[in-house]
Amino acid sequence: MDQEQVLATAAALESTFEAMYPINDPSRRIAGIAIGRYPEDGYDGYRADSLGNPWPSLTIGFAAYCYKLVERYLRLERAVVTATNLPFFQRLPLEDARFRPGEELLLGDPRFDEVVDALRRKGDAFLGRVHRHINPGGSLSEQMNRFTGHQQGAPDLSMNYAAHVLAAGMSGHLPVSSRERYRRASPRARAAPPR
1010 MDQEQVLATA AALESTFEAM YPINDPSRRI AGIAIGRYPE DGYDGYRADS LGNPWPSLTI
1070 GFAAYCYKLV ERYLRLERAV VTATNLPFFQ RLPLEDARFR PGEELLLGDP RFDEVVDALR
1130 RKGDAFLGRV HRHINPGGSL SEQMNRFTGH QQGAPDLSMN YAAHVLAAGM SGHLPVSSRE
1190 RYRRASPRAR AAPPR
């Protein structure tokens, strides 16, 4: 999950779909990137010789991935930046997203907290992107139109709802901050007075 190649692939996919889908245009000021199946996708929910679109289930999957990374980094009590995964860390919503290959971020370090919090916000932004395009009444179709964000393709896909429930549950169960988790989990921190 946090292997450097997986992180690099996630960053490359996010960057590709950000540029590919007009609904991801930053000038629209809508947080979160809508994610599709693959760049060459020609299935639009109705025809296979068209333009593919973002899928709610995949966009929600990226949210879940961010939340799982938060859990993983907190469990490991560290995150390591490499030359391969550097683009992933550079895409985090941070005021200062400058990282160096070989940089090790450790639990208790403010920079570690910033990364964990940025991953949480990024996961929330992916979920927010899907929420922005939900049909009135809350239904989710197979795809979100790449130009308008309107739902299209197979209606009411159960995989969308299942993915959403899981990701939303993950978001709600994450600690408020890594420092809070550190205090709860670490005997050293429980013995030390708070700063």
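Numbering-wise (our numbering), the sequence shown opens with residue 1010 and increments by one. Just so you know, even glycine gets a beta-carbon here, dropped at the ideal spot from N, CA and C.
Simplified DSSP assignment, three categories, for residue i
i     : result
L1115 : strand
A1088 : strand
S1146 : A quick correction: the sequence has Gly, not Ser, at residue 1146. Coil.
G1181 : helix
G1137 : helix
M1029 : helix
Q1014 : helix
G1158 : coil
G1054 : coil
Buried/exposed call for residue i, threshold 16 Cβ in 10 Å
i     : result
Q1012 : exposed
F1026 : buried
T1129 : For clarity, residue 1129 is Arg in the given sequence; the question names Thr instead. Buried is the call here.
H1173 : buried
T1068 : buried
A1028 : exposed
M1153 : buried
P1031 : exposed
N1144 : exposed
D1126 : buried
D1041 : The question names Asp, yet the displayed sequence has Gly at residue 1041. So G1041 counts as buried.
First and last residue of the uninterrupted alpha helix (DSSP H) at residue i
i     : result
L1095 : L1095 to Q1099
S1036 : Careful: S1036 lies outside any alpha helix (DSSP H) and carries neither H nor E.
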